[in-house]
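Novice:
Residue numbers (our numbering): 643 to 992.
1) When you compare the region 843-852 with the region 785-796, are there three or more beta-carbon pairs, one atom per stretch, that lie closer than 8 angstroms?
2) Between the alpha carbons of residue 924 and residue 734, how many angstroms are there, rounded?
3) Go to residue 834, then tell me how far its alpha helix (DSSP H) extends in each direction, as first and last residue.
4) Excluding the 5 residues flanking residue 966 on each side, which residues of the same chain have their C-beta closer than 7 angstroms to its C-beta?
5) Locate the alpha helix (DSSP H) running through residue 717, then write down its first and last residues.
6) Excluding sequence positions up to five away, which residues of its chain have a Cβ less than 8 angstroms from the Cβ of residue 775?
7) Secondary structure at residue 939, three-state DSSP: helix, strand or coil?
8) Can you have a look at residue 650 and say buried or exposed, based on whether 16 or more other CB atoms are within 10 angstroms of its CB?
9) Please report the straight-line C-alpha distance between residue 935 and residue 705, rounded to a whole angstrom.
10) Based on DSSP bridge pairs, tell me the residues matched to residue 860.
11) Run through DSSP, which three-state label would residue 960 get?
12) Who are the near neighbours of residue 915 in its chain, counting only those whose CB is closer than 7 angstroms to its CB and skipping five residues on each side?
13) Please classify residue 926: does DSSP put it in a helix, a strand, or coil?
14) Looking at the strands, I want to know which residues DSSP matches up with residue 687.
15) What three-state label does DSSP hand residue 871 in the structure shown?
16) I need the DSSP call for residue 950, collapsed to helix, strand or coil.
17) Under the rule that 16 or more other beta-carbon atoms within 10 Å means buried, what is residue 812, buried or exposed?
18) State whether the region 745-754 contacts the region 706-720, with contact taken as three or more CB pairs (one from each stretch) at a distance under 8 angstroms.
19) For residue 894, which three-state DSSP category applies?
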């Protein structure tokens, strides 16, 4: 870093009161033995901590919560003129599909920002379109069918079990144990849930039973795959499917949260490891990601690799999968954040 860059850590938390402390986990009330301790730090506190660590690392870093108000973002940029915006906006007015619009405003302000540009966020969030783009480039994904709202029929050509996903969400929203179905009756029941509760179409795809690999990719023009992290399902009880559900990601009082255990680096045959990394970088480039992304891949029991999703701008908290992979390369948390900032700033200089 040649100079002390001013970095605005921008996020959108319009309802800070939403976050409640989980407190200590009581095994007697839970009904299972928790694997992880509870981290009661909410996202706002995590962004503040991130800015503090960047400041200690040599940046002039500060946080901006736009609170569903674009004027806050625009006025801050006018007042402070940051060199780089570290973009952590994930939704606007409680709508994840507006994420790209906020990034579009940042783009129009001509301030370098980290992560994916608007069109990439839009394309990756549209799960069906993303699969079509990946398939067109020869990247293997599970067989699928797109269902418009209130559309019901037997998915001819797909093999059960099937997983039902909302078509325009990320962060495992709408992915629950009941998302995996084995017959038309339960398929239609889950489709109804997506239509009524999430108010959007559905993506229905064949469920690939096997190992789940998270491949972090770092870079812009020459992206590199980091050590692969695997979600270990070996402790998952029989009544829960081997998936990373919404509860597994976000609910420390749910059993799935404690039975989806990350292992990094994953213990894989060298040939499969190299192939998974190659596919992840190809998917990163195909979707035109930049700076950092996470490609989720399933390794089937017959050793076939299937890309489930390409996730631009994944979680960068210290305990998250991307940083776990970065740490496995020998990078510190601050070094990984700094690398992403520098990638964004280089675009300004060019």
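We treat Cβ as the ideally placed atom computed from N, Cα and C, and that holds for glycine.
No experiment lies behind these values; they were computed from the predicted model shown.
Specialist: On the basis of the data shown:
1) The answer is yes - the region 785-796 touches the region 843-852, with three or more Cβ pairs under 8 angstroms.
2) Indexing the chain shown from 1 puts residue 924 at position 282. Indexing the chain shown from 1 puts residue 734 at position 92. Roughly 30 angstroms separates the two Cα atoms.
3) Here residue 834 refers to the residue found at position 192 when the chain shown is read from its first residue. Residues 826-839.
4) The residue given as residue 966 occupies position 324 in the chain shown. Apart from the 5 residues on each side of it in sequence, residue 966 sits with its Cβ closer than 7 angstroms to the Cβ of 871, 904, 906 in its chain, given in chain order.
5) Sequence index remark: in the chain shown, residue 717 carries index 75 (1-based). Per DSSP, residue 717 belongs to the alpha helix (DSSP H) from 712-722.
6) Translated into positions along the chain shown, residue 775 becomes position 133. Cβ within range, chain order: 765, 928, 929.
7) Numbered from its first residue, the chain shown carries residue 939 at position 297. Three-state DSSP puts residue 939 in a strand.
8) Position 8 of the chain shown, counted from the first residue, corresponds to residue 650. Classification for residue 650: buried.
9) Locating residue 935 in the chain shown gives position 293, where the first residue counts as 1. Locating residue 705 in the chain shown gives position 63, where the first residue counts as 1. Between residue 935 and residue 705, the C-alpha separation is close to 22 angstroms.
10) The count along the chain shown starts at 1 and reaches residue 860 at position 218. Paired residues: 866, 934.
11) On the chain shown, position 318 is the one that residue 960 refers to. The answer is coil: DSSP assigns residue 960 none of H, G, I, E or B.
12) Along the chain shown, read from residue 1 onward, the residue named residue 915 stands at position 273. Within the same chain, residue 915 has close Cβ partners 870.
13) Along the chain shown, read from residue 1 onward, the residue named residue 926 stands at position 284. In this structure, residue 926 counts as helix in the three-state DSSP scheme.
14) For the purposes of this step, residue 687 is taken as the residue at position 45 of the chain shown. Under DSSP, residue 687 shares a beta bridge with no residue.
15) Locating residue 871 in the chain shown gives position 229, counting from the first residue. Residue state, collapsed to three classes: strand.
16) As a first step, residue 950 is located in the chain shown; it is residue number 308 there, counting from the start. Correct three-state label for residue 950: strand.
17) Counting from one through the chain shown, the residue named residue 812 turns up at place 170. Its Cβ being crowded by 16 or more others within 10 Å, residue 812 is buried.
18) Contact between the region 745-754 and the region 706-720 is present: 3 or more CB-CB pairs across the two stretches fall below 8 angstroms.
19) Position 252 of the chain shown, counting from 1, holds the residue named residue 894. In this structure, residue 894 counts as coil in the three-state DSSP scheme.
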